[in-house]
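Chains as they are written, first to last, in the working numbering: chain H, 329 to 709; chain E, 684 to 956.
All C-beta atoms in this analysis are idealised placements derived from N, C-alpha and C, irrespective of residue type, glycine included.
Since the structure is predicted, the reported quantities are computational estimates derived from the model, not experimental observations.
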Amino acid sequence: MSNKVLMQGNQAVAEAALVAGVKVVAGYPITPSTEVIELLSRKLPAHGGRFIQMEDEIASIGAIIGASAAGKKAMTATSGPGFSLMQELLGYAAMVEIPIVIYNAQRVGPSTGGATKPQQGDIMQTKWGSHGESPRIALCPSRVEEAYKLTITAFNLSEKYMVPVVILADEILAHIRESITIPEPNSFEIINRRTDAPPQEEYLPYKVDHTGIPILPPLGGGYRYNISGMIHGDKGVPNLAPETIDYCIRRINNKLKKYYNDIVMIEKMEEEGSKIAVLAYGSTARPAKGAVRMAIENGIKVDFIRPITIWPFPEREVREIARRVDKILVPEMNFEGQVVGLVRQSIEGAAEVIQFNKISGLPMYAEEIYHQILKIDRGEK
Amino acid sequence: MSKLDKYLRLDQFPHFACSGCGHGITLSSMVRAIDKLGLDQNTTIMVCAIGCAGRLPVYLNFPSIRTPHGRALTVATGIKLADPKLKVIVFMGDGDAAAIGGNHLIHAARRNIDITAIIAINEIYGMTGGQYAPTTQPGHLASTAPFGMIEPPMDICKLVEAAGATFVARGDIYHVVELEKLMLKAISHKGFSVVEALTNCPTQFGRRNKNSKPSEMIKNIKEMTITKKQAEQLSKEELEHILLRGILVDKERPEYIEEYDRITNFKEEVSLK
Chain H
329 MSNKVLMQGN QAVAEAALVA GVKVVAGYPI TPSTEVIELL SRKLPAHGGR
379 FIQMEDEIAS IGAIIGASAA GKKAMTATSG PGFSLMQELL GYAAMVEIPI
429 VIYNAQRVGP STGGATKPQQ GDIMQTKWGS HGESPRIALC PSRVEEAYKL
479 TITAFNLSEK YMVPVVILAD EILAHIRESI TIPEPNSFEI INRRTDAPPQ
529 EEYLPYKVDH TGIPILPPLG GGYRYNISGM IHGDKGVPNL APETIDYCIR
579 RINNKLKKYY NDIVMIEKME EEGSKIAVLA YGSTARPAKG AVRMAIENGI
629 KVDFIRPITI WPFPEREVRE IARRVDKILV PEMNFEGQVV GLVRQSIEGA
679 AEVIQFNKIS GLPMYAEEIY HQILKIDRGE K
Chain E
684 MSKLDKYLRL DQFPHFACSG CGHGITLSSM VRAIDKLGLD QNTTIMVCAI
734 GCAGRLPVYL NFPSIRTPHG RALTVATGIK LADPKLKVIV FMGDGDAAAI
784 GGNHLIHAAR RNIDITAIIA INEIYGMTGG QYAPTTQPGH LASTAPFGMI
834 EPPMDICKLV EAAGATFVAR GDIYHVVELE KLMLKAISHK GFSVVEALTN
884 CPTQFGRRNK NSKPSEMIKN IKEMTITKKQ AEQLSKEELE HILLRGILVD
934 KERPEYIEEY DRITNFKEEV SLK
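Here you go:
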């Protein structure tokens, strides 16, 4: 039996985190994400967990990394300015392969920007915000119900691949209230990190088997290994030998390449004979889908593709669309376009890519996107 | 084989510390204190970050986690939230604890979370080549204070006392038996405990300040502090230029996680009204 309720985006993330088994939440207040930590501070104790409000966002992500290293599922919630502060330890979590989940409700930037206005401005920061090259998964929900489900997916992927996962929402989704259907909690598959480590005498923390994923038992659980953000080989202790640097960086990044098919999710609608496709994500995907429907009703065939996983970027799926159509329209709530560059990179000229950007703090409207489709159809763009 | 060898990751030796460095004395004082307390090696977690002091716990045979610069206390806080039964010891240098990690130090002290912070003070950033620290004394030279330090040094003990730490002690590597006792008391204390350990850096500090002979530096450190009892004989003016040694604060206050668990001891979700 499933349950129909009216729920806010932030609330859906908090409720789903509990279903996923979150036990430690550390956060710092920031609009438009604050309801997540408010709700979890209230609800965690009854679920056997603990909440703490830390002194800043750096401390918040530090605390959830510590909690996860001690074996508990842990998350934080933030928005752009806080997410910027977290970059240092986001790279660290990826490097030491401690699973964490970060919810980022994107708001208008740069700097303080606008706390209550949406933007899709953190796509690049999510992947490239910390120094060096390290893996992370980012999921972009576009509806409240999807935010609920993807929060559980975020924990599952994080535990499975020992990698930080970012739930990349935006202010619209964070604050919108929708009637959603919640499946029974036990209908979700809940994945926990591996615990089948060999005995301590044979154990090396970063020595991986065929899966490529390390097994890191909880600190205090009987294994005496070292976790370090320095380049490390199998032993987990600092080692700057050229072959170790090469191995370490390749291994942590190749995890996501190896499991691309399991991690990358998209939604698409294809029309026979389309010459145009619209690619949109997050809150922009809803008006984009509306615009595609308007076009089809008016006799213009248009494909629609929505990356649900934004990192790793669904380049194979986008390339496939590019082979079908001549032009791809990418509407985004930002100034220069962020995902549009990833589209161009993925398809290597297989179709013409046209961007449409809006940065007023207002949502994208279906009519605006439809107008762009019309222009493309008439050959004006 | 020493009876303390079991606390070392012997396969990681030789260590990186310079000859004459006082960090080894600080670290061994801590290890002896842990041995005397009979702590379980599997459930005593070493947390550290960056710098010479920050790298040392990697040589110890405990579960260990080494974080980015200044963040050790944040990670330690998360470990305690996940599993309060664990003994968590954070080993830091002065720059790690009081400069880049200063905010975390204040708030860990304020919460009185059950963590022991051991802070090695040598007035210098050794690992990066001798830059000045928040503890560098006026007039001392550093690679980034080539004309002498003009910022007043931070008194970390006073800072954490004011912030709410319930155990604060200062020791040094000359009074090594005392240092071990202070660490033993700190580690067995319930709440946020801090031991400041004055130590030497012959390579980066001594060399620049015309005194790089380790034994001479250790003698100087001996002259930097007096006990509380000795302080009774001195005037207020005389006390301004000398540091107190020994236990400076030892009091009881509810520990953060015990308090959290006490007020959240319910099995059902609380109504959101």
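Based on Cα-Cα distance, which residue from the options lies nearest to residue i?
i, options, result
"H:Glu-517", "H:His-560, H:Glu-487, H:Pro-566, H:Val-352", "H:Glu-487"
"H:Leu-532", "H:Thr-539, H:Pro-570, H:Gln-683, H:Pro-545", "H:Pro-545"
"H:Ala-422", "H:Gly-377, H:Arg-471, H:Arg-578, H:Pro-570", "H:Arg-578"
"H:Gly-442", "H:Leu-702, H:Gly-677, H:Gly-689, H:Asn-520", "H:Gly-689"
"E:Ile-856", "E:Glu-952, E:Glu-879, E:Gly-734, E:Ala-759", "E:Glu-879"
"E:Thr-709", "E:Thr-886, E:Leu-865, E:Leu-922", "E:Leu-865"
"H:Asn-279", "H:Tyr-489, H:Tyr-553, H:Ala-623, H:Glu-529", "Outside the shown range of chain H (329 to 709) lies residue 279 of chain H, about which nothing can therefore be said."
"E:Ile-870", "E:Val-851, E:Leu-788, E:Glu-952, E:Arg-928", "E:Val-851"
"H:Ile-365", "H:Pro-373, H:Ala-342, H:Gln-448, H:Pro-469", "H:Ala-342"
"E:His-823", "E:Lys-686, E:Thr-811, E:Glu-951, E:Glu-806", "E:Glu-806"
Starting from residue i, follow the alpha helix (DSSP H) in both directions and report where the run begins and ends.
i, result
"E:Cys-731", "Looking at the DSSP string, E:Cys-731 is not in any alpha helix (DSSP H); the run it does join, the beta strand (DSSP E), is 727-731."
"H:Ala-422", "408-424"
"H:Thr-454", "451-456"
"H:Phe-483", "472-489"
"H:Asn-432", "Per DSSP, H:Asn-432 belongs to no alpha helix (DSSP H); it is in the beta strand (DSSP E), 429-436."
"H:Val-667", "667-675"
"E:Ile-748", "Careful: E:Ile-748 lies outside any alpha helix (DSSP H), inside the beta strand (DSSP E) at 747-749."
"E:Gln-913", "911-914"
"H:Asp-574", "570-586"
Can you list, in chain order, the residues of its chain with a C-beta nearer than 6 Å to that of residue i? Leave out the 5 residues immediately preceding and following it.
i, result
"E:Cys-731", "Gly-737, Pro-740, Arg-749, Ala-755, Phe-774"
"H:Arg-647", "Ser-674, Ile-675"
"H:Lys-563", "Leu-532"
"H:Ser-396", "Ala-402, Ile-426, Pro-427, Ile-428"
"H:Met-558", "Pro-566"
"H:Thr-509", "Ser-330, Lys-332"
"E:Leu-693", "none"
Residue i to residue j, Cα distance in whole Å?
i, j, result
"E:Gln-695", "E:Tyr-742", "6 Å"
"H:Lys-535", "E:Lys-763", "27 Å"
"H:Asp-590", "H:Gly-540", "15 Å"
"H:Thr-406", "H:Ile-638", "18 Å"
"E:Gly-703", "E:Asn-883", "8 Å"
"H:Gly-548", "E:Gln-814", "36 Å"
"H:Glu-643", "H:Asn-484", "22 Å"
"H:Pro-659", "H:Thr-359", "25 Å"
"E:Cys-840", "E:Gly-778", "14 Å"
"H:Ile-701", "E:Asp-944", "57 Å"
"H:Gln-453", "E:Ser-712", "44 Å"
"E:Arg-966", "E:Ala-781", "Nothing about residue 966 of chain E can be reported from this structure: the residues present for chain E run from 684 to 956 only."
"H:Lys-629", "H:Lys-709", "16 Å"
"H:Ser-458", "E:His-698", "30 Å"
"H:Ala-398", "H:Cys-576", "23 Å"
"E:Ala-791", "H:Leu-607", "47 Å"
"H:Gly-669", "E:Gly-785", "40 Å"
"H:Asp-450", "H:Gly-408", "7 Å"
Give the range of the beta strand (DSSP E) segment to which residue i is assigned.
i, result
"H:Asn-662", "Segment: none, H:Asn-662 is in no beta strand (DSSP E) and carries neither H nor E."
"H:Glu-595", "594-597"
"E:Ala-800", "799-804"
"E:Lys-770", "770-776"
"H:Asp-562", "Counting along the chain, H:Asp-562 falls outside any beta strand (DSSP E), and DSSP gives it neither H nor E."
"H:Gln-336", "331-336"
"H:Lys-445", "442-446"
"H:Thr-509", "505-510"
"H:Ser-361", "Premise fails: H:Ser-361 is in no beta strand (DSSP E) and is neither H nor E."
"H:Lys-554", "Residue identity differs from the one stated: residue 554 of chain H is Asn in this sequence, not Lys. Start and end: 554-556."
"E:Glu-879", "876-881"
"H:Leu-496", "493-498"
"H:Val-630", "630-635"
To which residues of the same chain is residue i closer than 8 Å at the C-beta, ignoring the five residues directly before and after it?
i, result
"H:Met-382", "Ala-354, Gly-355, Tyr-356, Ser-388, Gly-390, Ala-391"
"H:Gly-300", "Coverage of chain H is limited to positions 329 through 709, which leaves residue 300 of chain H absent and any answer about it impossible."
"H:Thr-572", "Ile-559, His-560, Gly-561"
With a CB to CB cut of under 7 Å and the five nearest residues on each side skipped, what residues in its chain are close to residue i?
i, result
"E:His-752", "Ala-732, Ile-733, Asp-779, Ile-783"
"E:Glu-935", "Thr-849"
"H:Glu-599", "Ile-624, Lys-629, Val-630, Asp-631"
* Asked: So does the region 610-622 of chain H actually touch the region 693-701 of chain H, counting three or more Cβ pairs closer than 8 Å?
  -> A contact exists between the region 610-622 of chain H and the region 693-701 of chain H.
* Asked: So does the region 330-339 of chain H actually touch the region 410-427 of chain H, counting three or more Cβ pairs closer than 8 Å?
  -> Between the region 330-339 of chain H and the region 410-427 of chain H there are fewer than three inter-stretch CB-CB distances shorter than 8 Å, so the stretches are not counted as touching.
* Asked: Are the region 899-906 of chain E and the region 711-724 of chain E touching by the rule of at least three beta carbon pairs closer than 8 Å?
  -> Three or more Cβ pairs closer than 8 Å define a contact, and the region 899-906 of chain E falls short of that threshold against the region 711-724 of chain E.
* Quick check: the region 810-825 of chain E against the region 864-877 of chain E, are there 3 or more CB pairs under 8 Å? -> Between the region 810-825 of chain E and the region 864-877 of chain E, the count of C-beta pairs closer than 8 Å stays below three; the two stretches do not touch.
* Asked: With contact counted as at least three CB pairs below 8 Å, one residue from each stretch, are the region 796-805 of chain E and the region 934-947 of chain E in contact?
  -> Contact between the region 796-805 of chain E and the region 934-947 of chain E is present, because at least three Cβ pairs lie under 8 Å.
* Taking three-plus beta-carbon pairs below 8 Å as touching, is the region 904-916 of chain E in contact with the region 829-846 of chain E? -> Flag = no, the region 904-916 of chain E and the region 829-846 of chain E do not touch.
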